[in-house]
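Sequential numbering from 137 applies to the sequence shown in my numbering. Worksheet: the structure to be examined is printed underneath.
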Amino acid sequence: MKNAGILITIAASLLSASIASADAVKVGVLLPYSGVYAALGKEIDAGFNLGLEEFGKGLDLEIVREDSEADPGKSIAKARKLVLQDKVDVMTGIVSSAVAGALRDFVHGAKVPLMITNAGNNSVTGAKCSPYISRFSFSNGQINRLMGQWVYDQGVRKVFTLAPDYTAGHEMIDSFAATFVAAGGEIVGGEYTPFRKTKDFGPYLATAKASGADAVYSFYAGGEAITFVKQYDSFGLKANMPLFGAGFLTSPLYVNAEGDASIGVKTVLHYVPTIDSAINNSFVAKFQSQHEGRSPSEFAVAGYDAAHALSLAIQQGATDRASIAESISKVSFTGPRGEVTIDPKTNNIVQPLYVYETVKKGDKLTQKVLAQLPNTQDDVNGCSL
Ligand code: BEZ
Numbered sequence: 137m138k139n140a141g142i143l144i145t146i147a148a149s150l151l152s153a154s155i156a157s158a159d160a161v162k163v164g165v166l167l168p169y170s171g172v173y174a175a176l177g178k179e180i181d182a183g184f185n186l187g188l189e190e191f192g193k194g195l196d197l198e199i200v201r202e203d204s205e206a207d208p209g210k211s212i213a214k215a216r217k218l219v220l221q222d223k224v225d226v227m228t229g230i231v232s233s234a235v236a237g238a239l240r241d242f243v244h245g246a247k248v249p250l251m252i253t254n255a256g257n258n259s260v261t262g263a264k265c266s267p268y269i270s271r272f273s274f275s276n277g278q279i280n281r282l283m284g285q286w287v288y289d290q291g292v293r294k295v296f297t298l299a300p301d302y303t304a305g306h307e308m309i310d311s312f313a314a315t316f317v318a319a320g321g322e323i324v325g326g327e328y329t330p331f332r333k334t335k336d337f338g339p340y341l342a343t344a345k346a347s348g349a350d351a352v353y354s355f356y357a358g359g360e361a362i363t364f365v366k367q368y369d370s371f372g373l374k375a376n377m378p379l380f381g382a383g384f385l386t387s388p389l390y391v392n393a394e395g396d397a398s399i400g401v402k403t404v405l406h407y408v409p410t411i412d413s414a415i416n417n418s419f420v421a422k423f424q425s426q427h428e429g430r431s432p433s434e435f436a437v438a439g440y441d442a443a444h445a446l447s448l449a450i451q452q453g454a455t456d457r458a459s460i461a462e463s464i465s466k467v468s469f470t471g472p473r474g475e476v477t478i479d480p481k482t483n484n485i486v487q488p489l490y491v492y493e494t495v496k497k498g499d500k501l502t503q504k505v506l507a508q509l510p511n512t513q514d515d516v517n518g519c520s521l
């Protein structure tokens with residue numbers, strides 16, 4: 137009897153798979169499920185699933201997932217498999233800016249829509265933009281650009297910068313530094329640490345300490361952020377050199393792993409779960425009910441909003457690659473982070489930003505919003521769509 141039950145289950149799932157594949161819109165999800173950004177990839181996927189549950193009811197979708205490992209070479213192989221073998225109608229995902237840069241020409245040439253749910257690589261919605269690439273997260277420039285003035289306004293005059301040595305690290309620091317210097321500040325030094333390899337930030341922190349800076353501005357994410365923030369505190373820097381940066385540094389996704397070392401760090405993001413709006417409160421409650429009370433992060437919201445946009449496009453009749461790409465680039469709605477629009481000039485997102493401080497309330501670490509920065513839109517940066 138037991139065996140019969142298993143056979144029925146398998147037969148039923150095979151049947152539903154074949155029904156789904158006949159007319160279904162095939163969605164290729166390319167995220168890091170392993171490697172340095174694995175937690176980020178899984179969180180984006182969780183947000184994407186919740187978004188489909190909510191906005192994609194009744195839609196005939198077939199989802200094919202592949203692990204990018206946040207590795208450019210492996211990601212190209214996986215993207216080729218999704219497009220050429222699985223024949224997906226649309227791709228979504230991508231966490232690393234290096235992966236986004238590596239995939240750009242393939243996606244553009246194959247004319248497959250790619251809805252980016254994290255990677256901030258400036259060029260894919262700038263000089264190397266494509267009608268097939270849209271972004272539901274942020275660009276590296278967008279996230280940091282307004283922080284130069286904001287940090288200067290806090291009385292900081294001399295800054296030392298630290299970030300991983302790859303596209304995202306350089307673009308985030310460049311964007312901050314340009315506006316900090318324009319405001320009258322000085323970058324007294326900086327280091328780019330080997331990406332995915334640095335476990336001991338000690339030598340870099342020693343250089344920062346000796347630099348004469350008032351503060352450090354930084355970008356790290358995932359496991360590197362946890363190590364960095366903890367070492368920054370344990371080296372005794374936090375007390376004398378306040379830490380600022382892009383908010384991935386103290387993401388709600390892993391701030392608990394950083395513990396009290398994260399308290400007082402002031403950063404900026406496109407989403408924090410403490411945004412007080414009816415839409416966000418409802419999103420947070422739904423996410424928490426699926427994740428043992430844990431609040432969603434900026435990574436979850438990007439997946440959720442991408443699922444929202446894709447569902448809208450399909451509901452409006454887009455089912456093939458060209459019509460999905462066209463429809464996605466016209467999307468606009470209010471979501472958990474506020475008003476979200478895809479800029480027709482670049483296909484990058486236009487959205488508000490939130491400066492927040494990690495604080496402790498009772499025994500919980502949480503995000504205190506210090507300022508909402510105006511909706512930010514990138515310059516076209518050489519993009520012509
Ligand atoms: C990036 O590579 O673009 C990136 C990775 C993690 C967090 C934020 C940005």
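C-beta atoms are modelled at their ideal positions from N, C-alpha and C, and glycine is treated no differently.
Check your understanding: In chain order, what residues place their C-beta within less than 5 Å of a heavy atom belonging to the ligand BEZ?
Key -> Ser-232, Ser-233, Ala-255, Gly-256, Ala-304, Ala-357 and Phe-384
**Study point:** Residues that Thr-477 bridges to, as DSSP identifies them
**Key:** What you label residue 477 is simply residue 341 of the sequence shown in a count that begins at 1. Paired residue(s): Ser-468 and Val-486.
Check your understanding: Below 8 Å, can you find three or more Cβ-Cβ pairs linking the region 339-357 to the region 297-313?
Key -> yes
Point to revise | Member of Phe-274, Asp-196, Lys-264 and Ala-342 whose CA lies at the smallest distance from the CA of Lys-374 | key: The residue you call residue 374 lines up with position 238 of the sequence shown. The residue with the shortest Cα to Cα distance from Lys-374 is Ala-342.
Review point. By Cβ distance, which residues of its chain are closer than 7 Å to Gly-177, with the 5 residues on each side in sequence left out?
Key: Position 41 of the sequence shown, counted from the start, is the residue given in the question as residue 177. These residues qualify, in order along the chain: Leu-167, Pro-168, Tyr-169 and Val-231.
Exercise for review: Find the nearest neighbour of Phe-302 within the set Leu-197, Val-408, Ile-399 and Ala-238, judged by alpha-carbon distance.
Suggested key: Counting from 1 along the sequence shown, the entry for residue 302 is found at position 166. Rather than Phe, the amino acid found at residue 302 in this sequence is Tyr. Measuring from the Cα of Tyr-302, the nearest candidate turns out to be Ala-238.
Practice item. Check each candidate in Val-235, Glu-198 and Ser-204 and name the one with the smallest Cα separation from Asp-222. Key: Position 86 of the sequence shown, counting from 1, holds the residue named residue 222. Ranking Val-235, Glu-198 and Ser-204 by Cα distance to Asp-222 puts Glu-198 first.
Check your understanding: Tell me the DSSP bridge mates of Gln-508?
Key -> Within the sequence shown, the letter at position 372 stands for residue 508. For Gln-508, which the question treats as bridged, DSSP gives the partners Tyr-490.
Check your understanding: Excluding the five sequence neighbours on either side, which residues of its own chain have a C-beta within less than 6 Å of the C-beta of Cys-519, listed in chain order?
Key -> As a first step, residue 519 is located in the sequence shown; it is residue number 383 there, counting from the start. Closer than 6 Å at Cβ, skipping near neighbours: Gly-262, Cys-265 and Thr-482.
Review point. When burial is assigned at 16 or more other CB atoms within 10 Å of the CB, is Asn-392 buried or exposed?
Key: Counting from 1 along the sequence shown, the entry for residue 392 is found at position 256. Its Cβ having fewer than 16 others within 10 Å, Asn-392 is exposed.
Exercise for review: Alpha carbon to alpha carbon, how far is Val-408 from Thr-502? Give it in angstroms, no decimals.
Suggested key: Residue 502 sits at position 366 when you count from the first residue of the sequence shown. Residue 408 sits at position 272 when you count from the first residue of the sequence shown. Cα to Cα, the separation comes out at about 9 Å.
Practice item. Evaluate Ser-468 with the Cβ neighbour count: other Cβ atoms within 10 Å of its Cβ, from every protein chain shown; 16 or more gives buried, anything less gives exposed. Key: By 1-based counting over the sequence shown, the position of residue 468 is 332. Under this definition Ser-468 is an exposed residue.
Check your understanding: What first and last residue would you give for the alpha helix (DSSP H) that runs through Thr-261?
Key -> On the sequence shown, residue 261 is found 125 positions in, with the first residue counted as 1. Looking at the DSSP string, Thr-261 is not in any alpha helix (DSSP H), and its letter there is neither H nor E.
Exercise for review: Consult DSSP for Ala-340 and reduce its assignment to one of helix, strand or coil.
Suggested key: The residue you call residue 340 lines up with position 204 of the sequence shown. The residue you asked about is not Ala; residue 340 is Tyr in the sequence shown. Of the three classes helix, strand and coil, the one that applies to Tyr-340 here is helix, per DSSP.
Check your understanding: Under three-state DSSP, which class holds Leu-250?
Key -> In the sequence shown, the residue the question calls residue 250 occupies position 114. If DSSP states are grouped into helix, strand and coil, Leu-250 belongs with the strands.
Point to revise | Where the alpha helix (DSSP H) through Thr-303 begins and ends | key: Mapped onto the sequence shown, residue 303 falls at position 167. First-last of the alpha helix (DSSP H) with Thr-303: 303-319.
Review point. Can you give the Cα-Cα distance for Glu-493 and Ala-236, rounded to whole angstroms?
Key: Within the sequence shown, the letter at position 357 stands for residue 493. Within the sequence shown, the letter at position 100 stands for residue 236. Taking the straight line from one Cα to the other gives about 29 Å.
Exercise for review: Quick one: using the 10 Å Cβ neighbour count with 16 as the cut-off for buried, is Lys-525 buried or exposed?
Suggested key: With the chain represented from 137 up to 521, any question about residue 525 goes unanswered, as that position is not in the structure.
Check your understanding: Distance, Cα to Cα, Pro-510 vs Leu-489?
Key -> Residue 510 sits at position 374 when you count from the first residue of the sequence shown. Residue 489 sits at position 353 when you count from the first residue of the sequence shown. For Pro-510 and Leu-489, the distance between alpha carbons rounds to 7 Å.
Practice item. Could you check the C-alpha separation between Glu-179 and Gln-290 for me, to the nearest Å? Key: Taking the first residue of the sequence shown as 1, we reach residue 179 at position 43. Taking the first residue of the sequence shown as 1, we reach residue 290 at position 154. So the alpha carbons of these two residues sit roughly 33 Å apart.
Point to revise | Residue ranges of each beta strand (DSSP E) within the region 156-241, 3 or longer | key: 161-167, 197-203 and 226-229
**Study point:** Beta-carbon spacing of Met-227, Val-165 below 9 Å
**Key:** Here residue 227 corresponds to residue number 91 of the sequence shown, with the count starting at 1. Here residue 165 corresponds to residue number 29 of the sequence shown, with the count starting at 1. Yes, Cβ-Cβ distance for Met-227 and Val-165 is below 9 Å.
Check your understanding: Between Leu-379, Phe-274, Gly-245 and Ala-414, which lies nearest to Ile-252 when the distance is taken from Cα to Cα?
Key -> Position 116 of the sequence shown holds residue 252. Taking only the C-alpha atoms, the option nearest Ile-252 is Phe-274.
Exercise for review: Taking Phe-435 as the reference, give the member of Ser-211, Ala-206, Leu-389 and Gly-305 with the closest Cα.
Suggested key: Locating residue 435 in the sequence shown gives position 299, counting from the first residue. Answer by Cα proximity: Leu-389.
Review point. In or out: Arg-216 buried (at least 16 other Cβ within 10 Å) or exposed?
Key: Taking the sequence shown and counting its residues from 1, the one referred to as residue 216 is at position 80. With fewer than 16 other Cβ atoms within 10 Å, it is exposed.
**Study point:** Cβ-Cβ distance between Ile-279 and Gly-209 below 9 Å
**Key:** Here residue 279 corresponds to residue number 143 of the sequence shown, with the count starting at 1. Here residue 209 corresponds to residue number 73 of the sequence shown, with the count starting at 1. No, the pair does not count as a contact, with Cβ atoms beyond the cut-off.
Check your understanding: What is the DSSP secondary structure of Tyr-268, counted as helix, strand or coil?
Key -> To locate residue 268, count along the sequence shown from 1; it is residue 132. Tyr-268 falls in the coil class under three-state DSSP.
Practice item. Could you tell me the distance, in whole angstroms, from the CA atom of Thr-410 to the CA atom of Lys-504? Key: Indexing the sequence shown from 1 puts residue 410 at position 274. Indexing the sequence shown from 1 puts residue 504 at position 368. Each residue's alpha carbon lies about 7 Å from the other.
Exercise for review: Whole angstroms is fine: what's the gap from Val-419's alpha carbon to Ala-346's?
Suggested key: Residue numbering aside, residue 419 sits at position 283 when the sequence shown is read from its first letter. Residue numbering aside, residue 346 sits at position 210 when the sequence shown is read from its first letter. One point to set straight first is that residue 419 is Phe, not Val, in the sequence displayed. When rounded, the distance between both Cα atoms is 45 Å.
Exercise for review: Measure the CB-CB distance between Phe-272 and Ala-458 and report whether it falls below 9 Å.
Suggested key: Sequence index remark: in the sequence shown, residue 272 carries index 136 (1-based). Sequence index remark: in the sequence shown, residue 458 carries index 322 (1-based). No, they are not a contact pair.
Review point. For Leu-379 versus Gly-400, is the C-beta spacing smaller than 9 Å?
Key: Mapped onto the sequence shown, residue 379 falls at position 243. Mapped onto the sequence shown, residue 400 falls at position 264. Cβ atoms of Leu-379 and Gly-400: closer than 9 Å.
Review point. DSSP three-state call for Lys-422: helix, strand or coil?
Key: Working through the sequence shown from its first residue, we reach residue 422 at position 286. It is helical.
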